[in-house]
Amino acid sequence: MKNINIKFIGLVFMMALALGSCKKWINTDLNVNPDAPSDVPMSSILTGVQANMAYNTIGGNDLCRVTSIWLQYFQGVARQSQSTANYYLLPSDINNLWVTNYTNTMMNLETIMSKATGSNPTYMGIAEVLMANSLGITTDFWGSIPLSQAFQGVGNLTPAFDNQEAVYTEVLRLLDDAIIQLNTPGAPSAQGDVMYGGDPAKWLAAAHSLKARYILHKCKLDNTVYTQVLAEVSAAISSNDNDLQFTFFDAAGSQNPLYQFMSQRGDITMAKVFIDTLNLVRHDPRLPMFATAVGDTAYVGNGWGEVSADVSMPGNAVAAASAVVPFISYVEVLFIKAECLYKTNAPVDQVRTALIDAVTASMQKWGADYTAWMAIYSQYINYSSGAPLFKEIMTQKWIALYNQAEAYNDWRRTDNVIGLQANPLTSAQRNEMPRHYPEAQSETNYNPNTPTDIDLWSRVWWDVSAPTK
Amino acid sequence: MRKFTLILAFLLMAGLQGVFAQTRVISGTVTSSDDKQPIPGVTVVVPGTTIGTNTGMDGKYVLAVPTKYTSITFSYVGMKTKEVPIGTATTLDVAMDNDVMNMDEVVVTAIGIPRESKALSYSVQEVGSDDIMKAARTDAVNALQGKVSDVQVINSAGVAGGATYVQIRGVQSITQNNQPLYVIDGVPISGSESGGIYGVDGVATSNRNIDINPDDIESMNVLKGGAATALYGLRAASGAIVITTKKGKSTPGKKISVNFNTYIQFDKVSMLPKLQTTYGQGHNGKWYSGDRLTWGAKNDTMSLSKDPSVWNTWKNFDVAGSNVSNNNPVAKSGAVETYNPYDFFQTGVTTNNALSLMGGTDVSTFYFSFSDNQSKGIVPNNKFRRNTFKITGDTKLGEHFKLSGSANYMITGGDRIQQGSNTSGVMLGLLRTPNTFDNSAGYLLPDVENGTIQRSYRHGRGYDNPYFTANENKYSDRLNRLIGNVQVDYFATKWLSFTYRLGVDWWGRKWQDYMNVYSSAYYPDGYNRNGQETSKDMNSDLMMNIDKDFAKDFNLKLLIGQNMTQQYYQGLQATANGLVIPEYYNLNNGTTISAYTSTTEIRRAAIYGDLQLSWKNMLYLSLTGRNDWSTTLPQGKNSFFYPSVGAGWIFTQLPGLKDNKVLPYGKVRISYAIVAKDATPYNTLTYYNTPAVLDGWTTGLVFPWNGNNAFALSNNLGNNQLKPEKTKTFEVGTDLKFWKNRFGLSYTYFHNKGEDLILSVPIAASTGYSSTTLNAASMTTYGHEVTLDLVPVKTKDWTWDILVNWSLIKNNVDALAPGITKLFLGGFEGSEIDAFAGQPYRTIYGYDWQRDSHGNLLIGDDGYPIMTNDMVGLGNVDPKWTAGIGTNLRWKDLSLYLLFDIKYGGMMWNGTRGALDYFGTSQGTANRDEWYTFQGVNSKGQTNNIPVKLDYFWRTQNVGSGFTGPMSDYVENSGWVRLRTVTLTYSFTNLLKKTFIKGLSVYFTGTNLWISTKYQGIDPETNLLGASNAQGIDYFNMPGTRSYTVGLNLAF
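Read top to bottom, the protein sequences are chains A and B.
To convert, note that position 334 of the first sequence is 321 in the working numbering; the numbers rise steadily by one, no gaps.
To convert, note that position 488 of the second sequence is 792 in the working numbering; the numbers rise steadily by one, no gaps.
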């Protein structure tokens, strides 16, 4: 028995020893993911943000494709795109757009800003420009959005929604501060900037351009904005070469979002309205860049409800694997200038020249052979003035901003001065073009502050109804 | 590791004494007290030592017993264990009594501890090797189907080598794993699904329980409740399947026994969605070549034509001719033919061969097995193969030590097929193809103008021709796995023993996955991906066991143990995107090449104790406690203790009730337990990841992008305040056996309350993140389990027995997280499987038709119903109750076994039918030209009387299909009654009694030969998302099968 006791004690000792080793064995430092860093430099965040903005937001299929169908560049002929053409857009349809914009884009920009504050004016300025652009897009499509209480993680799981006026104030504040930051003498170049190579001067021009755009958005509220806009235009992007745009490449995993959509999904074709405007009426030399030909030279689009596959598809300007996605362009700046000159009652020659400049820049942007066409067009414009001239400016801007969601802002801002017809079919939810995105499904689900009274025909703050005549 | 070696050395040195002690030889014959026949194979041991033997074929034994020991115990399954004092005798003949009531039945409980089932305070159910063999399934876990109450086993896909979802007593965790822990011979193994991601597309991969050779299994014991699994702790929070494998045995006079089991199995597709053949390809009533829809002309109004004027452009696609109207002058090539897409499926064939050898002496035993399982699926080129080798042995080192161990080496792998929501998915391509297009007439067109193109019904785009997928898009994998364990037992005295057990489970898997450049999904890029993953699990248990009678009528069993585990996983994956040379599948052939690693390492330690007190074999009290330390929780919150308490009372042992003829055995049991569980690793910090630039439509951008790498702040916010989640389980039940065990009844009620459940919570994106991990949810599950066994007939020639299992589970998600009422578990946006606060887990959630307050459809002025603006709950995935009814009828050497499996209720989203109503291929669209009046009320509250057509416009341009409209029309009852297994066995054993052949039987097994269900699609035992929590989704899933097996079992 004694023998056993000794063994017993021995084993208990062994067990105790094994327990003693627990401390070493259970080391919570093991709970740090070896495959993901806990901190990274600003440069690597910036690249991802730019890619996300280009692919998911500004060139994104849930923003561009939808507005392009509504603006009749494209026709939705199948599945969700067909629903879009019938003015159905569900909270779940735009959820990815909303979520990636808030997280992958804006939260990461917040991160850059918090790293760059007081230490790197270039990164600060770039992040502010991109933040202003992202916020601007978000509020233009959703009106009131979380901002002052947003980006706080568990600090505030249910951020309140700020009204659009407040968001616009912040957009313009960000741009003003970006202009100060980017004007800092000796501001360094920023690594990881795949759009402007980190050049503060180019970002400065982009900041002024965006300021012009966002001030102009308020035109229905305040007819003095045009003068303010013209002041920004003078410091804005001054050549096609300096467009703020994201370039894609023809390599797997690097291609343009619309290219990927067309090759992996399809479901859209060119719309009859856009094709006919360019083709039948104007013989526009940009047509071969904007759309594919059926046969050798014919350009055909689907009308409302038509689903033919033997029509033109989006062309290389927007749907090539390497097609660029413009955030804001020289062309847009020139059109803004033309519009503001018109609205500030500048001499009509000045307005016409500004329009010709804008159209010419667009032709040059896409490498169109425009000399002959432009000769005729310039003569035609010389007969135009007053309201028809304004309509022409906006029509040409609609053409030049092909597949850019900014054209949808113009459409709302000018109350369809270009005269697009809404879907007249009974299959449409309403025979009236939508003016608003629905609230995102996940925001409604997880944030009780999300407005519940929004539908596709709600209007954002700056999109006030035209006074009844 | 050095520590373990030290312990081993200590144990060895301490025990080797006594080998040379003085002995005497005892011999005798063991017979049955009933029929006086000798019993072979009785275990004869000296208690408290390793000394022992077995009786031979003639019931005789010889055993050398050191003089200091005074008794011998005799034990045999189905007999009452007997301890006999030796005294001065050298001959001990023993008559053993039948244990009609299975009073001494021993089951393996947590940590591999054998316990008498009568002493347990919770219910256990076991499935034996015979049942496993009869079920003839590649994955042995399937043998549990219908056999064990409250165990749901769902084959996720009718594919060779697909994963199996197992759920015991409902779910315990909201977003964490709900799969049980698999334990082989006391060592937990890794049961995870390889291939990792539970996506809605891709291939169906295996989970790791498929690696086990079913023929190696002696029994599978299901530990259901908290009290049963409390000792296993956190890893068994969802229950445990305790597998005991076959061991060698010494039989005097026989050195080696051989067992050979072989079967061949044929699989046929069982149920398929019904399709229409009236209308052909096209839209709006007109035929168009290459059209994606089947809303074209009526086939009987059309003829084929090979006239160049209509046929030349697409003649490579429409090989039989273009379709033209009957009265078209060029209609000269006969009537339009329709093709049956289901001709694509083939008869699957599985062959299984398993050989085992076992034997031994009084000192050492061994078991060796080899098996080969080869399956060919119902889809061409779908293959699965498994080879296993297992060696198990034990040896006695002196009187007090026993060393045992086993090594199981497995090689599994297969060629897997793309499925689900995937433009390459087989069913997707198959079912969307118009009936007028012949997929089988070639899938590649090498000579068309623009180079090679796939031949599919949409002119090479859209969806892959299923023949193309099966032949040109491949996913093949191969896994090597070693499960091994070493165990040392030290029997210090009659009542004290120590055990040390070390187990490892190591596996490595390699796979290659590629898509042809002509595949629609990746056109015109293609990709090639190679991956490797390694998993290493280590488990160590050191235990002290006390089993002592003290005072009169009291027995104490005490176990104290220490456990250490480590789980390590590393996956490595590289992808070449954009293949430069078509059909050359190598990582060096891409325009971009990306790679990533994924590593997890978890360590846990625990001490545990189990105290069991019994009084007069009547009252049993047990207490357990376990303290865990885990690395996955933050420091300070990672040590947690949880107890269980239980009692069992065999009331028939009361003096007045004892030896009652009607109810000889009756027990009531009650238990309460708390089980705690840690988190998955790496949830306490926020990280930066390679950005995922994905829009939900396309394959997106891949970093490094054009030479630029990037990182983005993760959308998942870390939480450094995590603590363990807890489930409190209460269980009460009774076991009654009547009339010499001719009728038995077991009833169990359980109530689980989960608190502080850890869940990955989606949060509003405006917080800057889209998810975080919180201890927030609570969930209640309760249920009833009833088991009935009945032996109506039992004579020499006839036996008829019936076993019925019935279980009902109610579940309610009490709360998710503050402000969160709904949690996405899986599916598609808009067609979801969710956890919904206040609803049962797994609510189907989506859009519905607008209804009035009475539930009537609201019909618009156009005569059509109107879709809701918001999503609503549309049903619960889990069944209301399930039952299994098994019956075995034996006449002499012939026996027939039938197992009916009933699932009552439970909903499934038939997304396949919803999509096919859009495409116009489904049977439901055959009425497109008929007038139809929706039952419902208009905006004025009047009964709708506007006739409409469910036509092309409504189905495809409006809300009349699962693609464009609400999912509610496609949420279907997936309940069933099925003949799960039927087995006819004939045993030649009695005929061959005088030969060297110990046993020979042939059997025929049919699986799923008959299914009755309301479900309008494939066999509803299916799930798109494999063994994940999001069950209840059928979206172009692979169809299930019915199988026919012929087998032979030979032993000598």
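Ideal placement from N, C-alpha and C gives every residue a C-beta, glycine not left out.
Could you please give the first and the last residue of the uninterrupted beta strand (DSSP E) stretch that includes residue i?
i	result
B:M848	Y831 to F854
B:K1207	L1198 to Y1208
B:Y924	L923 to S934
B:K694	K687 to L701
According to DSSP, simplified to helix, strand and coil, what is residue i?
i	result
B:Y1149	strand
B:N364	Note on identity: in this sequence residue 364 of chain B is Lys, with Asn being the wrong assignment. In this structure, B:K364 counts as strand in the three-state DSSP scheme.
B:Y592	coil
A:Q383	helix
B:V504	Confidence at B:V504 is low in this model, with a pLDDT of 49, below 50, so the placement of that residue should be treated as unreliable; the coordinate-derived value is given next. The answer is coil: DSSP assigns B:V504 none of H, G, I, E or B.
A:S196	helix
B:S498	In this prediction, B:S498 scores a pLDDT of 48, lower than 50, which makes its location untrustworthy; the coordinate-derived value is nonetheless stated afterwards. Here B:S498 sits in coil by DSSP.
B:W799	coil
B:M405	coil
B:K865	The sequence shown places Gly at residue 865 of chain B, rather than the Lys named in the question. Correct three-state label for B:G865: strand.
A:R400	helix
Name the chain B residues whose beta carbon is nearer than 7 Å to that of residue i?
i	result
A:F236	N1010
A:M420	Near A:M420 there are no residues of chain B at all, since even the closest Cβ is about 18 Å away, more than 7 Å.
A:E97	G1072
A:F248	W1001 and T1002
By the DSSP assignment, the alpha helix (DSSP H) with residue i in it spans what residues?
i	result
A:M361	T358 to N369
A:S55	V53 to W57
A:V86	N82 to T87
B:R765	Per DSSP, B:R765 belongs to no alpha helix (DSSP H) and is neither H nor E.
A:I110	First, the amino acid is wrong: residue 110 of chain A is Tyr here, not Ile. First-last of the alpha helix (DSSP H) with A:Y110: P108 to W129.
A:N39	M29 to N39
In whole angstroms, give me the CA-to-CA distance for residue i and residue j.
i	j	result
A:G144	A:A23	Reading the sequence as shown, one finds Leu at residue 144 of chain A and not Gly. Using only the alpha carbons, I get a separation of about 25 Å.
B:L846	B:Q866	5 Å
B:L576	B:T1172	31 Å
B:D443	B:N517	8 Å
B:D817	B:F1223	30 Å
A:H204	A:V212	9 Å
A:D397	B:I1337	43 Å
A:L148	A:G184	Position check: residue 148 of chain A holds Phe in this sequence, whereas Leu was assumed. Cα to Cα, the separation comes out at about 35 Å.
A:A348	B:N743	50 Å
B:T756	B:L749	6 Å
A:D163	A:V318	22 Å
B:P342	B:K687	49 Å
A:Q215	A:I202	8 Å
B:L1202	B:K694	32 Å
B:K1098	B:K962	25 Å
At a CB-CB cut-off below 8 Å, which residues of chain B make contact with residue i?
i	result
A:F233	Neighbours of A:F233 on chain B: none; closest Cβ ~10 Å, over 8 Å.
A:P435	G1123
How about residue i: is its C-beta nearer than 7 Å to some C-beta of chain C?
i	result
A:A199	Although the question refers to chain C, the structure presented lacks it and instead comprises the protein chains A and B.
**Asked** Does the count of Cβ pairs from the segment 350 to 362 of chain B and the segment 547 to 557 of chain B closer than 8 Å reach three?
**Response** In short, these stretches touch, since the Cβ pair count reaches three.
**Request:** State whether the segment 1295 to 1303 of chain B contacts the segment 416 to 436 of chain B, with contact taken as three or more CB pairs (one from each stretch) at a distance under 8 Å.
**Result:** Put simply, the segment 1295 to 1303 of chain B does not touch the segment 416 to 436 of chain B. Fewer than three CB pairs are less than 8 Å apart.
**Request:** Assess, as a yes-or-no matter, whether the segment 563 to 575 of chain B is touched by the segment 715 to 734 of chain B under the definition of 3 or more beta carbon pairs within less than 8 Å.
**Result:** Between the segment 715 to 734 of chain B and the segment 563 to 575 of chain B, the count of C-beta pairs closer than 8 Å stays below three; the two stretches do not touch.
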